[in-house]
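Engineer: Keeping their order, the protein sequence lines are chains A and B.
All you need for the numbering used here is the position in the first sequence, starting with 1, plus 1.
All you need for the numbering used here is the position in the second sequence, starting with 1, plus 1.
2 protein chains.
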Amino acid sequence: MFEKIRNHIEGKIQKKLLEEDLKGFTNLLEIKTVKKRDSLLKEGQFSNYQFYVNQGLLYSWQTGKDGERQVLNFAFEDFWTGDLFSFFTGQPAQHEITAIEDTEVLALSKAGFEKACNTIPVFEHFFRILIQNAYVSSQLRWAHYNSSDAETRYLELIHKYPDLTQRVPQYLIASYLGIQPQSLSRIRGNLSHH
Amino acid sequence: MFEKIRNHIEGKIQKKLLEEDLKGFTNLLEIKTVKKRDSLLKEGQFSNYQFYVNQGLLYSWQTGKDGERQVLNFAFEDFWTGDLFSFFTGQPAQHEITAIEDTEVLALSKAGFEKACNTIPVFEHFFRILIQNAYVSSQLRWAHYNSSDAETRYLELIHKYPDLTQRVPQYLIASYLGIQPQSLSRIRGNLSHH
Numbered sequence: 002m003f004e005k006i007r008n009h010i011e012g013k014i015q016k017k018l019l020e021e022d023l024k025g026f027t028n029l030l031e032i033k034t035v036k037k038r039d040s041l042l043k044e045g046q047f048s049n050y051q052f053y054v055n056q057g058l059l060y061s062w063q064t065g066k067d068g069e070r071q072v073l074n075f076a077f078e079d080f081w082t083g084d085l086f087s088f089f090t091g092q093p094a095q096h097e098i099t100a101i102e103d104t105e106v107l108a109l110s111k112a113g114f115e116k117a118c119n120t121i122p123v124f125e126h127f128f129r130i131l132i133q134n135a136y137v138s139s140q141l142r143w144a145h146y147n148s149s150d151a152e153t154r155y156l157e158l159i160h161k162y163p164d165l166t167q168r169v170p171q172y173l174i175a176s177y178l179g180i181q182p183q184s185l186s187r188i189r190g191n192l193s194h195h
Numbered sequence: 002m003f004e005k006i007r008n009h010i011e012g013k014i015q016k017k018l019l020e021e022d023l024k025g026f027t028n029l030l031e032i033k034t035v036k037k038r039d040s041l042l043k044e045g046q047f048s049n050y051q052f053y054v055n056q057g058l059l060y061s062w063q064t065g066k067d068g069e070r071q072v073l074n075f076a077f078e079d080f081w082t083g084d085l086f087s088f089f090t091g092q093p094a095q096h097e098i099t100a101i102e103d104t105e106v107l108a109l110s111k112a113g114f115e116k117a118c119n120t121i122p123v124f125e126h127f128f129r130i131l132i133q134n135a136y137v138s139s140q141l142r143w144a145h146y147n148s149s150d151a152e153t154r155y156l157e158l159i160h161k162y163p164d165l166t167q168r169v170p171q172y173l174i175a176s177y178l179g180i181q182p183q184s185l186s187r188i189r190g191n192l193s194h195h
């Protein structure tokens, strides 16, 4: 059950976890499952959890000015997802998180997060690194969104998530890239001719 | 010299610092001064430092698509500034940081940051909180930028920085808000009639 998250954490902190530290942490986790097309979190709810994807695939999205779904991120196995803004501030979630496949997550509550940080030093370290990475990703996402063309962003996306096109519907990939599905088809057509 | 930053840290961690922890940390800091209109960091340089403003006032900005300066943030006394993205990734800075007044900062290098986090547990805690806050601020900035009108954003800004209008030139405030200086004059005119 906890082998994947153990490997994930040890990869980030670049050392082995003590059994007692791992146990102290996994005791704080709750296992949740969500069926394909159901949501783990809805816009306007309070986001008291961060979710580690054990098995399956989720995406987070918000309603854009034109009423369309804007895809913000995908969370494959071994990724964390959640509305960090809501989690830290206690304000209602600005995102919704929906399952693309039947999914199993390990959920860490706000109280569990604080307890892990305050009582197991290696988890303060782990979460400092994780939040740093989240910060960098969000900066990068905005910088690219404003400066790169859609083809470049598509290539970066499939580099980051190699099984993206096998598991994520076209219209969600197009929404993530901020383009129409027809434009995505054109890009993929161009790339397949090179 | 270090009384302000001590109070700042104790405020964030909500407890007193041990003398030896404070000393271990302040030994890692370098004092730098920058004259009004000079830059602490230039776009494209490597940002190996985070800066705590001891005295003075800085702003960070980037060159927009139209070649204009886009103001990203102001750093008054007791704020940290720097290009966190460049700091964490080792990539060239996307921001420039320029002094609005003669300014004195305490500079913490990347190596100093890692040493503080890895050898003084209370600083791992402090920086985890600081990075969380930076993450929340950057999310909030984007959310507001996309949804609020300029008058609301102006009111929030002067609420956050009460001496903003006494210390920051109009054209920089307008740039931060993403509006023309004339529009800012109009907003201030309207508000003074209420």
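Just so you know, even glycine gets a beta-carbon here, dropped at the ideal spot from N, CA and C.
(1) To the nearest angstrom, report how far apart residue 122 (chain A) and residue 27 (chain A) are at their CA atoms.
(2) Can residue 37 (chain A) and residue 102 (chain A) be called in contact, C-beta distance under 7 Å?
(3) By alpha-carbon positions, which one of B:24, B:175, B:117, B:30 ends up nearest to residue 74 (chain B)?
(4) Mind checking whether residue 56 (chain B) and residue 65 (chain B) have CB atoms under 7 Å apart?
(5) Cβ closer than 9 Å: which chain A residues qualify as neighbours of residue 177 (chain B)?
(6) Under three-state DSSP, which class holds residue 169 (chain B)?
(7) Indicate whether at least one CB of chain D lies closer than 7 Å to the CB of residue 157 (chain B).
(8) Of the residues that make up the segment 29–43 of chain B, which ones have a beta carbon closer than 9 Å to any beta carbon in chain A?
(9) Pairing CB atoms from the segment 130–143 of chain A with CB atoms from the segment 125–140 of chain B, are three or more of them under 8 Å?
(10) Where residue 194 (chain B) and residue 187 (chain B) are concerned, what is the direct C-alpha to C-alpha distance, given to the nearest angstrom?
(11) Could you tell me which uninterrupted beta strand (DSSP E) segments, each at least 3 residues in length, are contained entirely in the segment 81–158 of chain A, listed from first to last along the chain?
(12) Under 7 Å between C-beta atoms, does residue 129 (chain B) make it to chain A?
(13) So the candidates are A:96, A:119, A:80, A:114; which of them puts its Cα closest to the Cα of residue 106 (chain A)?
(14) What are the uninterrupted segments assigned as beta strand (DSSP E) that are 3 or more residues long and contained completely in the segment 4–66 of chain A, given in chain order?
(15) With DSSP as the reference, identify every bridge partner of residue 75 (chain A), one or two as the case may be.
(16) Mind checking the segment 113–142 of chain B against chain A and listing, in chain order, the residues whose C-beta falls within less than 9 Å of any C-beta there?
(17) Go through its chain and collect everything with a Cβ distance to residue 177 (chain B)'s Cβ below 6 Å, but skip five positions before and after it.
(18) Answer with yes or no whether the minimum CB distance from residue 89 (chain A) to chain B is below 7 Å.
(19) Need the endpoints of the alpha helix (DSSP H) that residue 182 (chain B) sits in, please.
(20) At the 7 Å Cβ level, is residue 86 (chain B) part of the contact set with chain A, yes or no?
(21) Is residue 63 (chain A) closer than 7 Å to residue 92 (chain A) when the C-beta atoms are compared?
Structural biologist: This is what the structure holds:
(1) 15 Å
(2) yes
(3) B:175
(4) Result no, Cβ atoms of residue 56 (chain B) and residue 65 (chain B) do not sit closer than 7 Å.
(5) Within chain A, no residue comes near residue 177 (chain B); the closest Cβ sits about 16 Å away, beyond 9 Å.
(6) coil
(7) Of the protein chains in this structure, namely A and B, none is chain D.
(8) Within the segment 29–43 of chain B, not one residue has a Cβ closer than 9 Å to any Cβ of chain A.
(9) Counting Cβ pairs under 8 Å, three or more are found: they touch.
(10) 11 Å
(11) 97–100, 104–110
(12) yes
(13) When only C-alpha atoms are compared, the closest one is A:80.
(14) Complete beta strand (DSSP E) runs here, min 3: 30–35, 40–42, 50–56, 59–64.
(15) Looking at the DSSP output, residue 75 (chain A) sits in a beta bridge with A:60.
(16) Flagged, chain order: 118, 119, 122, 125, 126, 128, 129, 132, 133, 134, 135, 136, 137, 139, 140, 141.
(17) Cβ within range, chain order: 72.
(18) yes
(19) 182–193
(20) yes
(21) With contacts defined by Cβ atoms closer than 7 Å, residue 92 (chain A) and residue 63 (chain A) do not form a contacting pair.
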